[in-house]
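Here is the structure we will look at.
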Amino acid sequence: MKRIYQILLTCSLFAAFIACENETKVCDQTLRNDLHVHFQRDSAGVVRDTVMPKVTLFALGRDSIYKKQPLKDLFMPLSPLADSSRFYLKVDSALVADTITFRYKRVQHFVSPGCGFGTYFTLDTVIATRNTIDSVLINNKSVTSSNDTHLTLFFFNQ
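Sequential numbering from 0 applies to the sequence shown in numbering that gives the first Met the number 0.
Structural data, given as structure tokens:
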């Protein structure tokens, strides 16, 4: 009988160690919600998706995000510490660069014990210079995932 209690005690201690394994240190989700921007151009009255030949994008005050790459979409990281972000955007080496300023509200949300908190953004205002950008359309003000297209930039015909 004493042997059965020892086996049961050993099994219960083993089960307790397995059940109490610390899973809070693992984060299997991304905490970044980048602003997804799509490019379009008006060509003879027909609006079409466009690939810009040499896109360069800098977050002002930070490092380069894209450097002379052909792109039709951008993913811009918004600052979780400030209520605005500014970007330098040059879509072709022969054209004049634009600056884009995003003003937004930030809301922290709890992801998990291992991941901690992430930030959701709600766009308030988009201000862009008009060197190559014709107009800006906000498709989705709520930036909770990089899967949605949040903004469409329309460019002048060059």
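Yeah, the Cβ is synthetic: ideal placement off N, Cα and C, and Gly gets one too.
Candidates Ser83, Pro112, Ser78 and Ile132: closest to valine 95 by CA position
Ile132
Is asparagine 138 buried or exposed, if buried means 16 or more other CB atoms sit within 10 Å of its CB?
exposed
Answer yes or no: do threonine 128 and threonine 98 have a C-beta to C-beta separation smaller than 8 Å?
yes
Please name the residue in Thr143, Val142, Val90 and Leu150 whose C-alpha comes closest to that of leucine 136.
Leu150
For glycine 148, I'd like the list of residues in its chain whose CB is within less than 6 Å of its CB, leaving aside the five on either flank, ordered along the chain.
A quick correction: the sequence has threonine, not glycine, at residue 148. Hits under 6 Å: His35, His37 and Asn138.
Between which two residues does the beta strand (DSSP E) carrying threonine 131 extend?
Premise fails: threonine 131 is in no beta strand (DSSP E) and is neither H nor E.
Pull up the distance between the alpha-carbon of threonine 100 and that of glycine 115, whole angstroms please.
28 Å
Rounded to whole angstroms, what's the CA-CA distance from valine 25 to glycine 113? Just pull it up for me.
5 Å
Leucine 59 and arginine 31 look like a contact to me (Cβ under 8 Å); what is the Cβ gap, rounded to whole Å?
That belief does not hold up - the Cβ atoms of leucine 59 and arginine 31 are roughly 19 Å apart, past 8 Å.
When burial is assigned at 16 or more other CB atoms within 10 Å of the CB, is isoleucine 64 buried or exposed?
buried
Judging by CA-CA distance, which residue of Arg105, Val106, Ser111 and Lys140 is the nearest neighbour of leucine 122?
Lys140
Give me the Cβ distance between glutamine 68 and valine 46, rounded to the nearest whole Å; I'm assuming they're in contact under 8 Å.
Not quite, the Cβ-Cβ distance comes to about 23 Å (not below 8 Å), so this is no contact.
Using 10 angstroms around the beta-carbon of valine 106, count the other beta-carbons present and answer buried if the total reaches 16, otherwise exposed.
exposed
Alpha carbon to alpha carbon, how far is alanine 43 from valine 90?
20 Å
Out of Arg61, Asp48, Gly117 and Leu88, which one is the CA nearest neighbour of valine 142?
Gly117
For phenylalanine 57 and tyrosine 87, believed in contact at Cβ under 8 Å, the rounded distance
4 Å
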